[in-house]
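To convert, count from 1 in the sequence shown and add 822; that's my numbering. Backbone N, C-alpha and C fix where the C-beta goes; we use that ideal spot for every residue, glycine too. Every value quoted in this text rests on a predicted model; they were computed, and no experiment measured them. Below is one structure, written out as structure tokens; the observations come after it.
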Amino acid sequence: MSSKQIHEMGVAELATAIADKKTSAAEAAQALLGRAKQHENLGAYLAFNEDLTLSQAKSADARIAAGERGPLLGVPLAHKDIFVTQGFPSTAGSKMLQGYQSPFDATVVAKLAQAGAVTLGKLNCDEFAMGGSNENSAYGVARNPWDIDRVPGGSSGGSAVAVAARLAPAVTGTDTGGSIRQPASFCNVTGIKPTYGRCSRYGMIAFASSLDQAGPMARSAADCAMLLTAMAGPDIDRDSTSLDHPAEDYTRLLGTPREGASAAQPLKGLRIGLPREFFGEGCAPDVVAAVRAALSEYEKLGATLVDISLPRTELSIPVYYIIAPAEASSNLSRFDGVKFGHRAAQYDDLIDMYKKSRSEGFGPEVQRRIMIGTYVLSHGYYDAYYLKAQQIRRLIAQDFQNAFTQCDVIAGPAAPTTAWKIGEMSDDPVANYLADIFTLPASLAGLPGMSVPAGFGSGQLPVGLQLIGNYFQEAALLQTAHAFQEATDWHTKTPEGF
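Written out as structure tokens, the structure is:
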């Protein structure tokens, strides 16, 4: 084993160490399980199954002994508890699904297992992925390792914490309105939400079907590219929203200069669009300063900065908070206490059982969104709210297409502030919703977006740079992020004590 400890290694490094037999998949899994237990106070993990993890690791070691090689073979990963998994509980962070065991694996989980990845456990998240702080989990808040009194962001909060605190080299997350990018920003990790439909939604517990998308979170763009290569690909037989678009190698452009560029300026010719709406008064000065410094670094790499406009940015919040709750209201109607999920212990009749089971099983944020969603879909309000929101959504997508005639990539802050204190916004859900202002537009348009560590704001709290690409431009987006990470070391910074 090298002088580097297992938890200090990223995906590529760990895969190489396992392939070269400097360590084994079983040793790596045991070391990371021990570390996760040691830092249980962070609330990153919700469930373990050590016997299953070690059995998967031994199976990976057997494949390596037989001469097999693969970029993820033997590498331990953890999954957001929104993906169903055989052998581990799948709760979506909700009391409604407490103790639920799925008879099958989500496609994303199955694809990673096929690539030889080992599952360490299930990660904490906002209930049914509804939230931007991980405070809505029925199983307690996850804590930001940069300051344990602060939120890690959400809904993939446990995922971001696990990577930031070095409890796993990489993890899965999901992004409905920013739930990969915002926690990545708050915890100084790299995360990418691919084009909507790139990763199968089969076995992903649904929140808002036209928005939910799986993606990887890791320490670097290179590690994310390796995971996304294994996770993505068509699944049209099982997921009607899956794109019939061939699987790709997302690592193929990493480290190669753009066409016509040099090694010294690998991004020469790249036009980075800066939406004026992302740099206005709603964005904290320390966040703007870190993002501007990162953009200066891009100029040194040969990129050109172009001022653009996404005029309907502020409409993305009301549009999202009509469409997402409407879809949630429909999707969550299946949790009625009849076939699976929580059932109230005492009730008078069927209707009473529905009411009590749902009141007991769902937390306040989920109930709030179901109520809003049911209202906007009700007779007499559908045209005024839901239909109108879908029309504006189309215009938001059009704004991006207009912007992409002037630039290749769009950049700005991933979130308007750094991480806030736990409990600070719990009495004001609207203030919480406003934290998604910069991530929602790309989600509504179905575009790929990522957050890359870009420095620190006041109080040494991480700031993420958001990069948004056009449809199917994930490889180019990862190339752009990787070039930045080759020139800077923000993504290598670890919170003190971890």
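Spatial neighbours of residue i in its chain, beta-carbon cut-off 7 Å, leaving aside the 5 residues before and after
i, result
"Trp-1242", "Arg-972 and Val-973"
"Thr-1310", "Glu-1119"
"Thr-998", "Ala-951, Phe-1029, Ala-1030, Leu-1033, Asp-1034, Ala-1146 and Ser-1265"
"Asp-1057", "Thr-929, Ser-1022, Tyr-1024 and Ser-1064"
"Met-831", "Ala-839 and Pro-991"
"Gln-1087", "Leu-1123 and Gly-1124"
"Gly-892", "Ala-937 and Gly-938"
"Arg-1074", "Ala-1297"
Residues of its chain near residue i, where Cβ-Cβ distance is below 8 Å and the 5 sequence neighbours each way are ignored
i, result
"Glu-890", "Gly-938"
"Ser-824", "Because the pLDDT of Ser-824 is 47, which lies under 50, any placement of that residue in the model is unreliable, and the question is left without a value."
"Gly-1281", "Asp-969 and Thr-1240"
"Ala-1253", "Met-1247"
"Tyr-1204", "Val-1198"
"Arg-1060", "Thr-929, Ser-1022 and Tyr-1024"
"Val-985", "Pro-991, Ala-992, Val-993, Cys-1009, Val-1011, Met-1039, Ala-1040 and Arg-1041"
"Asp-894", "First, the amino acid is wrong: residue 894 is Leu here, not Asp. Taken in chain order, the residues that qualify are Val-833, Ala-837, Leu-934, Ala-937, Gly-938, Ala-939, Met-1048, Leu-1049 and Ala-1052."
"Gly-1245", "Glu-957"
"Asp-1045", "Gly-832, Val-833, Ala-834, Pro-991, Ala-992, Thr-1012 and Pro-1038"
Inter-residue Cα distance where the pair is residue i and residue j
i, j, result
"Thr-1196", "Ser-1151", "6 Å"
"His-901", "Arg-885", "22 Å"
"Ala-928", "Ser-1084", "42 Å"
"Asn-946", "Ser-1131", "36 Å"
"Val-944", "Gly-915", "Checking the sequence shown, residue 944 turns out to be Lys, not Val. Taking the straight line joining both Cα atoms gives about 10 Å."
"Ala-1167", "Ile-904", "26 Å"
"Ser-924", "Thr-913", "10 Å"
"Asp-842", "Ile-828", "14 Å"
"Leu-942", "Ala-866", "12 Å"
"Glu-872", "Pro-898", "12 Å"
"Val-1285", "Met-1272", "13 Å"
"Gly-1202", "Gln-1004", "35 Å"
"Gly-1234", "Phe-1101", "7 Å"
"Ala-1298", "Ala-848", "35 Å"
"Met-918", "Gly-1159", "9 Å"
"Gln-860", "Ile-1014", "28 Å"
"Asp-1230", "Leu-1092", "6 Å"
"Pro-1317", "Glu-862", "16 Å"
"Arg-1180", "Pro-1186", "11 Å"
"Ala-851", "Val-940", "8 Å"
"Ser-1007", "Gly-976", "10 Å"
"Phe-1320", "Asn-966", "12 Å"
"Gly-1321", "Thr-1261", "What is shown of the chain runs 823 to 1320, which leaves residue 1321 out entirely."
"Ala-932", "Gln-1228", "40 Å"
"Ala-982", "Gly-1268", "22 Å"
"Ser-978", "Thr-996", "7 Å"
"Phe-1226", "Tyr-922", "44 Å"
"Arg-1020", "Tyr-1143", "24 Å"
"Ala-964", "Asp-948", "9 Å"
"Val-1274", "Phe-1306", "9 Å"
"Ile-1027", "Gly-896", "27 Å"
"Leu-1283", "Ala-1111", "13 Å"
Proximity winner among the options, relative to residue i (alpha-carbon distances)
i, options, result
"Leu-1217", "Asp-1071, Val-1141, Gln-1228 and Asp-1174", "Val-1141"
"His-1067", "Ala-1054, Thr-1073, Arg-1074 and Gly-1077", "Ala-1054"
"Asp-1071", "Gln-1295, Ala-964 and Thr-1063", "Gln-1295"
"Ala-1211", "Thr-1051, Val-985 and Leu-1137", "Leu-1137"
"Lys-1090", "Pro-1097, Asp-1258 and Gly-1082", "Gly-1082"
"Ser-846", "Phe-1320, Leu-876 and Gly-865", "Leu-876"
"Gly-1000", "Leu-1300, His-1304, Ala-1303 and Leu-1289", "Leu-1289"
"Pro-1238", "Asp-1171, Phe-1226 and Val-1113", "Val-1113"
"Thr-1017", "His-1313, His-1304 and Leu-1300", "Leu-1300"
"Pro-1263", "Gly-1183, Glu-1099, Arg-1020 and Thr-1302", "Glu-1099"
"Gly-1095", "Leu-1154, Ala-1303 and Gly-1291", "Gly-1291"
"Leu-864", "Ser-959, Ala-987 and Ala-887", "Ala-987"
"Ile-1214", "Ile-1173, Asp-1250 and Thr-1135", "Thr-1135"
"Leu-1224", "Ala-887, Leu-874 and Pro-1097", "Residue identity differs from the one stated: residue 1224 is Asn in this sequence, not Leu. When each option's Cα is compared against that of Asn-1224, the closest is Pro-1097."
Own chain, CB closer than 6 Å to residue i, minus 5 neighbours either side, in chain order
i, result
"Leu-868", "Asp-903, Lys-944, Asn-946 and Tyr-961"
"Tyr-1169", "Met-1175 and Lys-1178"
"Ala-1116", "Ala-1276 and Leu-1287"
Continuous alpha helix (DSSP H) assignments of at least 4 residues falling wholly in the region 1019-1096: Look at the region 1019-1096 and you find these whole runs of alpha helix (DSSP H), each 4 residues long or longer: 1043-1053.
Unbroken stretches of the alpha helix (DSSP H), 4 residues or longer, contained in the region 839-919: For the region 839-919, whole alpha helix (DSSP H) runs of length 4 or above, ordered along the chain, are 847-860 and 872-887.
Minimum length 3: unbroken beta strand (DSSP E) runs contained in the region 1234-1291: Look at the region 1234-1291 and you find these whole runs of beta strand (DSSP E), each 3 residues long or longer: 1271-1278 and 1284-1290.
Alpha helix (DSSP H) runs wholly inside the region 1132-1185, at least 4 long, in chain order: Runs found: 1138-1153 and 1172-1183.
Alpha helix (DSSP H) segments (min. 4 residues) lying fully within the region 926-953: If we require 4 residues or more, the alpha helix (DSSP H) runs fully inside the region 926-953 come out as 929-936.
Segment contact, 8 Å Cβ cut-off, at least three pairs: the region 841-857 with the region 904-915: The way I'd put it, the region 841-857 doesn't touch the region 904-915; fewer than three beta-carbon pairs between them come closer than 8 Å.
Touching by the beta-carbon criterion (3+ pairs, under 8 Å), the region 1186-1195 and the region 1104-1112: Segments in contact, no.
Stretch-stretch touch, CB-based, cutoff 8 Å, three pairs: the region 870-887 with the region 986-1001: By the C-beta criterion, the region 870-887 is judged not to be in contact with the region 986-1001, since fewer than 3 inter-stretch pairs fall below 8 Å.
Cβ pair count under 8 Å reaching 3, the region 944-958 against the region 1251-1262: They touch, by the three-pair rule.
Inter-stretch contact at 8 Å, needing at least 3 Cβ pairs: the region 1162-1171 / the region 1125-1136: They do not touch, by the three-pair rule.
Entirely enclosed alpha helix (DSSP H) segments - the region 1197-1230, minimum 4 residues: Listed in chain order, they are 1210-1225.
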